[in-house]
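In UniProt numbering, the protein residues as written are 1 to 393.
One structure is given below, encoded as structure tokens.
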Ligand code: NAD
Ligand code: MG
């Protein structure tokens, strides 16, 4: 075992953040918590600080930071910071070795990048950061020597099915295809005309996984699989032609890797994010994640089907944005975040999520992704376009 890992959890109050802390709680000899961060929920972060006694707690929201400061007035072990500068500080501080990047959406890019540039072990759950900035992000990883480990269950599965020294050279390992599995989401069997009436509560009730609201909606539209297709191409240095989405409603096989000799390696497990989180935290060792053993007799059968791109156009839109290249995936991501937020607020029907994204992609010109400033400018331009589209529909 290497020395004790000092961990910063970006997005500690979220679904991934809490699962991470659950694994950490089981291994006090291996991990200490250096910093915890959250967006707005001061009382939830205060409770976590009292349990894990991090050196720092950061609230992205300034008002929430003042609230946290008051809540922790009698707890001097933890110093409270505020805003993006606080997030960057705890993601890159020398005293921390490992960063769980689990902020949702584009808000995670700057702190995740700070961890990458500081050469940390970066456990990447925040797929939007990589989708937005692709090549620039991977170049930053290569330059700093950061250790980037995938936490998204599919990408962690693929990683586990590859030789560790060939993660960026799958062809060199004799890998012919990546089979990216998808649950199909809660509306997999719903007729197209019924998709107009589904509610946020129905969209967030995922059949197999318990997740944050944004990714739950992404799972229901299949945008999550589209983002994951792009994520797989960057992480494993491959192209969409070598990645095939397989809908697998049981969510037991988390993805597969096909080799030239006809072997297909699969990683299986209960649908519980603590497995990929524990894999990333302890890699290359294996530790208890608190996950119940898999009971294949109880599951009985596995099913596979092709994704239905007519009912779920978001997967096609993501593939097209990746093919367009440059800033197109950042625009896709920004438009999706705006459309999903509008749907969750009751201001957009489910079936119009892809409509807003497609119109935004058509309105924002693709530019070369030559700097992070260009990415942020396109993200903001896409949000303005999507906002205008949303206000007129
Ligand atoms: P969540 O909504 O449950 O939690 C998000 C966390 O980010 C919270 O701690 C929140 O306070 C923080 N946050 C939100 N907005 C912020 C902002 N503007 N600035 C700083 N912090 C902010 O989300 P989640 O389901 O835990 O997902 C987190 C990330 O992990 C997403 O990128 C998601 O795609 C990815 N992911 C999640 C799962 C899952 O099972 N939940 C699986 C794979 C990947
Ligand atoms: Mg996933």
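We put the beta carbon where it would ideally sit given N, CA and C, even for glycine.
Predicted model only: the values in this text are computed from it and were never measured.
Query                                                                                                                        : Result
Cβ distance (whole Å) where residue 56 is taken to contact residue 20 below 8 Å                                              : Actually they do not touch by this definition, with Cβ atoms about 16 Å apart.
Residue 49 classed as buried or exposed, judged by whether at least 16 other C-beta atoms fall within 10 angstroms           : buried
Per-residue DSSP class, three states only, for residue 116                                                                   : helix
Pair within 8 Å by beta-carbon distance, residue 161 and residue 267                                                         : yes
Burial state of residue 9, where buried means 16 or more other Cβ atoms lie within 10 Å                                      : buried
Under 6 Å, CB to nearest heavy atom of the ligand MG: contacting residues                                                    : 152, 153, 154, 228
Every unbroken beta strand (DSSP E) within the segment 126 to 171, with a cutoff of 3 residues, ordered by chain             : 147 to 150
Residue closest to residue 363, alpha-carbon to alpha-carbon, out of 188, 385, 301, 239                                      : 385
Contact check, residue 196 vs residue 350, beta carbons under 8 Å                                                            : yes
Burial state of residue 328, where buried means 16 or more other Cβ atoms lie within 10 Å                                    : buried
Rounded C-alpha distance that separates residue 394 from residue 235                                                         : Absent from the structure is residue 394, since the part of the chain shown begins at 1 and ends at 393.
Cβ shell of residue 112 (< 6 Å), same chain only, five flanking positions each side left out                                 : 101, 126, 129
C-beta atoms of residue 332 and residue 296 nearer than 8 Å                                                                  : no
Residue 120 beta carbon near the ligand NAD (any heavy atom closer than 7 Å)                                                 : no
Where residue 223 falls: helix, strand or coil (DSSP)                                                                        : helix
Buried versus exposed call for residue 204 [16 or more other C-beta atoms within 10 Å across all chains shown]               : buried
Proximity test, residue 156 beta-carbon vs the ligand SAH heavy atom, cut-off 7 Å                                            : No copy of the ligand SAH appears in this structure; the ligands present are the ligand NAD and the ligand MG.
Residue 219 Cβ short of 7 Å to the ligand NAD heavy atom set                                                                 : no
Residue 224 versus residue 193 - alpha carbon distance                                                                       : 22 Å
Uninterrupted alpha helix (DSSP H) stretches inside the segment 180 to 267 (no shorter than 4 residues)                      : 200 to 204, 213 to 221, 223 to 235
Alpha-carbon spacing of residue 244 relative to residue 319, whole angstroms                                                 : 11 Å
Paired residues, beta bridge with residue 98 - DSSP                                                                          : 7, 121
Check: residue 112 C-beta below 7 Å from any heavy atom of the ligand NAD                                                    : no
Of the residues 342, 148, 32, the one placed nearest residue 115, counting alpha carbons only                                : 148
Alpha helix (DSSP H) segment containing residue 380, residue limits                                                          : 372 to 391
Candidates 214, 181, 277, 281, of which the one nearest residue 252 by Cα                                                    : 181
Candidates 199, 22, 109, of which the one nearest residue 290 by Cα                                                          : 22
Residue environment, residue 446, which counts as buried when at least 16 other CB atoms sit within 10 Å                     : Limits of the chain in this structure are 1 at one end and 393 at the other, which puts residue 446 out of reach.
N- and C-terminal bounds of the beta strand (DSSP E) containing residue 24                                                   : Looking at the DSSP string, residue 24 is not in any beta strand (DSSP E); the run it does join, the alpha helix (DSSP H), is 15 to 25.
Pair within 8 Å by beta-carbon distance, residue 14 and residue 212                                                          : yes
Proximity below 8 Å, CB of residue 37 to CB of residue 12                                                                    : yes
C-beta contact flag for residue 122 and residue 99 at 8 Å                                                                    : yes
beta-carbon residue 225 near the ligand NAD non-hydrogen atom, thresh 7 Å                                                    : no
beta-carbon residue 8 near the ligand NAD non-hydrogen atom, thresh 7 Å                                                      : no
Neighbourhood of residue 172 by C-beta distance below 8 Å, restricted to the same chain and skipping five residues each side : 166
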